[in-house]
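198 is the number of the first residue of the sequence shown in this note's numbering; add one for each residue after it.
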Amino acid sequence: MTDQKQARGRRNARRWAAAIAAAALVAGILLPNGPALGAESGSHASGWDCSSGFVAVTFDDGPNVFNEDRTGWILDTLRDYGVHATFFILGERVADPNQPTRPDLVLREASEGHTVANHSWDHPDLTKLSLSDVQWQLSHDNDVIAATGAPRPTFFRPPFGYTNADVAAVGESLGLREVLWDVNKGDTAATSTSAVSDPVLAAVRSGSVVVLHDWAPYTAEALPTILDGLKSRHLCPGLLNRTTAYNGQLRGYVSVVPDPGGPHDASPRQCPCTIFTPIQVPSLVASAATGPHELGVRFAPDVPGVISAIRFYKAAVNTGPHPVRLWSSSGQLLGSGSAQSETDSGWQQVDIPGGIHVQAATPYIASYSAPAGRFAQDVNFFAAAAGTFPIRGLASIPGAANGVYATSTGSFPNRTYAASNYWVDVVFVPDPPAPAVSAVDDAGSTASETALTVPAPGVLGNDTGTGLT
Numbered sequence: 198m199t200d201q202k203q204a205r206g207r208r209n210a211r212r213w214a215a216a217i218a219a220a221a222l223v224a225g226i227l228l229p230n231g232p233a234l235g236a237e238s239g240s241h242a243s244g245w246d247c248s249s250g251f252v253a254v255t256f257d258d259g260p261n262v263f264n265e266d267r268t269g270w271i272l273d274t275l276r277d278y279g280v281h282a283t284f285f286i287l288g289e290r291v292a293d294p295n296q297p298t299r300p301d302l303v304l305r306e307a308s309e310g311h312t313v314a315n316h317s318w319d320h321p322d323l324t325k326l327s328l329s330d331v332q333w334q335l336s337h338d339n340d341v342i343a344a345t346g347a348p349r350p351t352f353f354r355p356p357f358g359y360t361n362a363d364v365a366a367v368g369e370s371l372g373l374r375e376v377l378w379d380v381n382k383g384d385t386a387a388t389s390t391s392a393v394s395d396p397v398l399a400a401v402r403s404g405s406v407v408v409l410h411d412w413a414p415y416t417a418e419a420l421p422t423i424l425d426g427l428k429s430r431h432l433c434p435g436l437l438n439r440t441t442a443y444n445g446q447l448r449g450y451v452s453v454v455p456d457p458g459g460p461h462d463a464s465p466r467q468c469p470c471t472i473f474t475p476i477q478v479p480s481l482v483a484s485a486a487t488g489p490h491e492l493g494v495r496f497a498p499d500v501p502g503v504i505s506a507i508r509f510y511k512a513a514v515n516t517g518p519h520p521v522r523l524w525s526s527s528g529q530l531l532g533s534g535s536a537q538s539e540t541d542s543g544w545q546q547v548d549i550p551g552g553i554h555v556q557a558a559t560p561y562i563a564s565y566s567a568p569a570g571r572f573a574q575d576v577n578f579f580a581a582a583a584g585t586f587p588i589r590g591l592a593s594i595p596g597a598a599n600g601v602y603a604t605s606t607g608s609f610p611n612r613t614y615a616a617s618n619y620w621v622d623v624v625f626v627p628d629p630p631a632p633a634v635s636a637v638d639d640a641g642s643t644a645s646e647t648a649l650t651v652p653a654p655g656v657l658g659n660d661t662g663t664g665l666t
């Protein structure tokens, strides 16, 4: 990208900042510190039950400027259902003087409580640009979004999902966390509303990030069906959240958490909570393996809380003693407990004195010792995640397998076989919810000509993306 183009872009951003504010006033949109539009939800806002967890509904490539008011229809539907989404904005559709723009819609999104995020200035493959051009794409988009009166973005999605360690690091240097997805079913090519909604509802699960597009021909019309489908499955739209632990489901350092401004009541499931219900039992209650083993499960809570006990399922031939242990994902022993009494078979529960506090969206391992072997085992169980909000066993993925075992008792279980479930569980008590806080706009800005420092540590590169977005 030439210096001349960057300079022209900066001049356009300054010129259009005033025009954007004027357009917002003409459209009747109030600034975020005024009364929020959409404060009153519509007829579909009741009846949400979040006991199965939360998903993030996201829209790329907006605001729609091509035809009809599809972004407006989407916002109307979200308001009617009393839920929020994340909108990944292209700067050129906000402030490019050479094409139609809708800055008023960006401000409306923010004013109605949605998350406004960065999708670059004009949708290039960021992996093919120089680092300075990547910085220009992201910082310029941030500038024009902030000029609408919306809060400055803190998340970005690389166009097409094409990314690498350098792209993610440039985003971090600008205060932007990279967001990918696990559900992208090609709504831009759909030829009917059901061709949008059916694949999404077939794939979505707790913790999912769903990709849709403002401008796609049938997406606005399909959105009510998608939201009704989520509601029927006891899944609620939630918010994106930064994490320090890698989330294999979303291929990054983000998770989905309850939305204090939307449906977030998971009261139908009363805690203490477990991954498995009392009626879930192994298909194979006693494997043929003998000798000492430490059997474990990799899990993560959706919210912070306390692990008060560890459970495991055993057959009568699985003789003890059966001490239990809680580990960090790297193998640090966090706590342990000793069984005081057991039944001959079935679910056993061993308390951890004082409990161990755990963080949201952070993986841990719970294990128990089986000195004689003959443990329960169901292979390929963790090909998918198990459990519901607020605690779940994680899907087995390369580099973070589930379930896990060691061939000596008391050792950190870091071996794996065929994504087996060894029927280890935890008892989890969520922390009381924190009081809701109001977001404030960061008045700062990042100039396009600012020198770029790219922090390398702690940034994971995803070399390829799938799906056009």
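For glycine and all other residues, C-beta sits at the position ideal for the given N, C-alpha and C.
Residue i in three-state terms, based on DSSP
i, result
"Asn-339", "helix"
"Asp-330", "helix"
"Arg-589", "strand"
"Tyr-443", "strand"
"Glu-289", "helix"
"Asp-622", "strand"
"Ala-598", "coil"
"Thr-613", "strand"
"Gly-346", "coil"
"Pro-475", "coil"
"Gly-392", "Strictly speaking, residue 392 in this sequence is Ala, with Gly absent from that position. In this structure, Ala-392 counts as helix in the three-state DSSP scheme."
"Val-482", "coil"
"Phe-496", "strand"
"Ala-413", "coil"
"Gly-584", "strand"
"Val-153", "Since the displayed the chain opens at 198 and closes at 666, residue 153 lies outside it and no answer follows."
"Ala-400", "helix"
Sheet register partners of residue i (DSSP bridge)
i, result
"Trp-524", "Leu-530 and Ile-562"
"Gly-570", "Thr-487"
"Trp-544", "Tyr-510"
"Phe-284", "Phe-256 and Val-313"
"Pro-434", "Val-252"
"Ala-386", "In the DSSP output, where bridge partners are listed per residue, Ala-386 has none listed."
"His-720", "A query on residue 720 cannot be resolved here, the shown segment of the chain reaching from 198 to 666 and no further."
"Asp-575", "Asn-618"
"Asn-374", "Here residue 374 is Arg; the residue named in the question, Asn, does not match the sequence. In DSSP, Arg-374 forms a bridge with Phe-352."
"Cys-470", "Phe-625"
6 Å Cβ shell around residue i - same chain, five flanking residues per side excluded
i, result
"Ala-581", "Ala-592"
"Gly-449", "Glu-375 and Leu-377"
"Ala-387", "Val-393 and Tyr-415"
"Thr-516", "Ala-569"
"Asn-599", "Arg-495, Phe-579, Leu-591 and Ser-593"
"Asn-438", "Ser-452 and Val-454"
"Ser-526", "Pro-560"
"Leu-436", "Val-454 and Asp-456"
"Ser-243", "none"
"His-241", "Asp-277 and Tyr-278"
"Thr-606", "Pro-489, Glu-491, Ser-566 and Pro-568"
Beta-carbon contacts of residue i that lie in its chain and below 7 Å, excluding the five residues immediately before and after
i, result
"Asp-541", "Ala-513"
"Val-397", "Val-380, Lys-382, Val-407 and Ile-423"
"Pro-498", "Val-555, Ala-557, Pro-587, Ile-588 and Phe-625"
"Leu-373", "Asn-315, Leu-335, Pro-350, Thr-351, Phe-352 and Phe-353"
"Leu-272", "Arg-305, Glu-306 and Glu-309"
"Ala-615", "Val-576 and Asn-577"
"Val-331", "Leu-323, Val-364 and Val-367"
"Pro-460", "Trp-245, Cys-247, Gly-279, Val-280 and Cys-433"
"Trp-270", "Ala-417"
First through last residue of the alpha helix (DSSP H) which encompasses residue i
i, result
"Arg-305", "300–308"
"Glu-369", "362–370"
"Gly-269", "267–278"
"Ser-452", "Where Ser-452 is concerned, there is no enclosing alpha helix (DSSP H), although the beta strand (DSSP E) it sits in stretches over 449–454."
"Gly-250", "Taken as a continuous stretch (DSSP letters only), Gly-250 belongs to no alpha helix (DSSP H), being part of the beta strand (DSSP E) at 250–259."
"Leu-409", "Where Leu-409 is concerned, there is no enclosing alpha helix (DSSP H), although the beta strand (DSSP E) it sits in stretches over 406–410."
"Ser-429", "416–429"
Other residues of its chain near residue i: CB distance less than 8 Å, five sequence neighbours each side excluded
i, result
"Arg-296", "According to the sequence shown, residue 296 is Gln rather than Arg. So the list reads Val-262, Glu-289 and Arg-290, once near-sequence residues are dropped."
"Pro-475", "Trp-544"
"Tyr-443", "Gly-449, Tyr-450, Ala-597 and Leu-657"
"Ala-563", "Gly-493, Val-494, Phe-496, Ile-504, Ile-507, Val-521, Arg-522, Leu-523, Trp-524, Val-621, Asp-622 and Val-623"
"Leu-287", "Asp-258, Gly-259, His-316, Ser-317, Trp-318, Asp-319, His-320 and Asp-338"
is_contact[residue i, chain B] using C-beta, thresh 8 Å
i, result
"Phe-509", "In the structure shown, chain B cannot be found, because there is only a single protein chain."
First and last residue of the uninterrupted beta strand (DSSP E) at residue i
i, result
"Lys-511", "502–511"
"Val-313", "312–315"
Closer than 7 Å: residue i CB and nearest the ligand FAD heavy atom
i, result
"Ile-504", "Only the bare structure without any ligand can be found here, which leaves the ligand FAD out of the picture."
Contact between the segment 402–420 and the segment 523–542 is defined here as three or more beta-carbon pairs at a separation below 8 Å; is this criterion met? Not touching, per the Cβ criterion.
Taking 8 Å as the threshold, find out whether the segment 478–492 comes into contact with the segment 559–574 through three or more Cβ pairs. yes
Mind the definition here: the segment 300–310 touches the segment 349–369 only if three or more C-beta pairs lie below 8 Å; say whether that holds. Proximity of the segment 300–310 to the segment 349–369 falls short of the contact definition, fewer than three beta-carbon pairs being nearer than 8 Å.
Check whether the segment 467–474 touches the segment 613–625, counting contact only when three or more Cβ pairs, one atom from each stretch, lie closer than 8 Å. yes
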